[in-house]
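Novice: One structure, as structure tokens, below. Some questions next.
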Amino acid sequence: MDDTNSLAVSLFSEILMADQLARSRLSKVLPKGMELSHFSVLNHLSGVGVGVERSPAQLAKLFHVTRGAMTNTLNKLEVAGHVHIRPDWDDARRKMVAISPAGRRARDAALAEIVPLISEVVTDLGQEKVRATLPILRELRGKLDQDS
237 MDDTNSLAVS
247 LFSEILMADQ
257 LARSRLSKVL
267 PKGMELSHFS
277 VLNHLSGVGV
287 GVERSPAQLA
297 KLFHVTRGAM
307 TNTLNKLEVA
317 GHVHIRPDWD
327 DARRKMVAIS
337 PAGRRARDAA
347 LAEIVPLISE
357 VVTDLGQEKV
367 RATLPILREL
377 RGKLDQDS
């Protein structure tokens, strides 16, 4: 294997392992019954602003999952009272999703558990290393997103 191929394999091996470890650690501190996919959707909906809605198809595309997987996640969030799902007034075949006040509180509670964990990692690595790494990771994400 040439140097470029070896470097590529090493890079992606590290990224995949870091992803697996991060997901495992984050899942352990989430509030009871909340999955990482639930938190991710609530966090996104919380960040887009009050009253802003997304369709399940938009969310599925954003998170790079199937519509079926997103529907499953949204159904669980709706049962928990964390999102409101309503028909699209312009196209009754579509639905629209918004975060509920209970969903915002659940997201905030999850974030309160997650922040100390991830802050500790940043402290251990050092802020300068993290700042230097972020642009590279963003560029890598952009490149991977272009190819999908």
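Following the working numbering from start to finish, the sequence shown increments by one per residue and tops out at 384.
Glycine is no exception: its CB is placed at the ideal position from the N, C-alpha and C atoms.
Quick caveat: nothing in here was measured; it's all calculated off a predicted structure.
Just to confirm the assignment, what range does the beta strand (DSSP E) spanning M237 have?
Specialist: From DSSP, M237 is part of no beta strand (DSSP E); its letter is neither H nor E.
Novice: Under three-state DSSP, which class holds A342?
Specialist: Of the three classes helix, strand and coil, the one that applies to A342 here is helix, per DSSP.
Novice: Please state whether DSSP places M270 in a helix, a strand or coil.
Specialist: Coil.
Novice: Give the single residue among G362, F275, M332 and A338 whose Cα lies nearest to the Cα of T309.
Specialist: Looking at the Cα atoms, F275 is the closest of the given residues.
Novice: Decide if H318 is buried, meaning its Cβ has at least 16 other Cβ atoms within 10 Å, or exposed.
Specialist: The residue is buried, with at least 16 neighbouring Cβ atoms inside 10 Å.
Novice: Using the DSSP secondary-structure output, state which residues sit across from A328 in a beta bridge.
Specialist: Beta-bridge pairing links A328 to no other residue.
Novice: Measuring straight from C-alpha to C-alpha, what distance separates M306 and P292?
Specialist: Roughly 7 Å separates the two Cα atoms.
Novice: Assuming I350 contacts V265 under a Cβ cut-off of 8 Å, what Cβ separation, rounded to an integer in Å, is found between them?
Specialist: 6 Å between Cβ atoms; contact.
Novice: Which of the three DSSP states, helix, strand or coil, is assigned to A258?
Specialist: In the structure shown, A258 sits in a helix (DSSP, three-state: H, G or I).
Novice: Starting from R322, follow the beta strand (DSSP E) in both directions and report where the run begins and ends.
Specialist: From DSSP, the beta strand (DSSP E) with R322 extends over V319 to P323.
Novice: What is the rounded straight-line gap between the Cα of G378 and the Cα of I251?
Specialist: Going from the Cα of G378 to the Cα of I251 covers about 15 Å.
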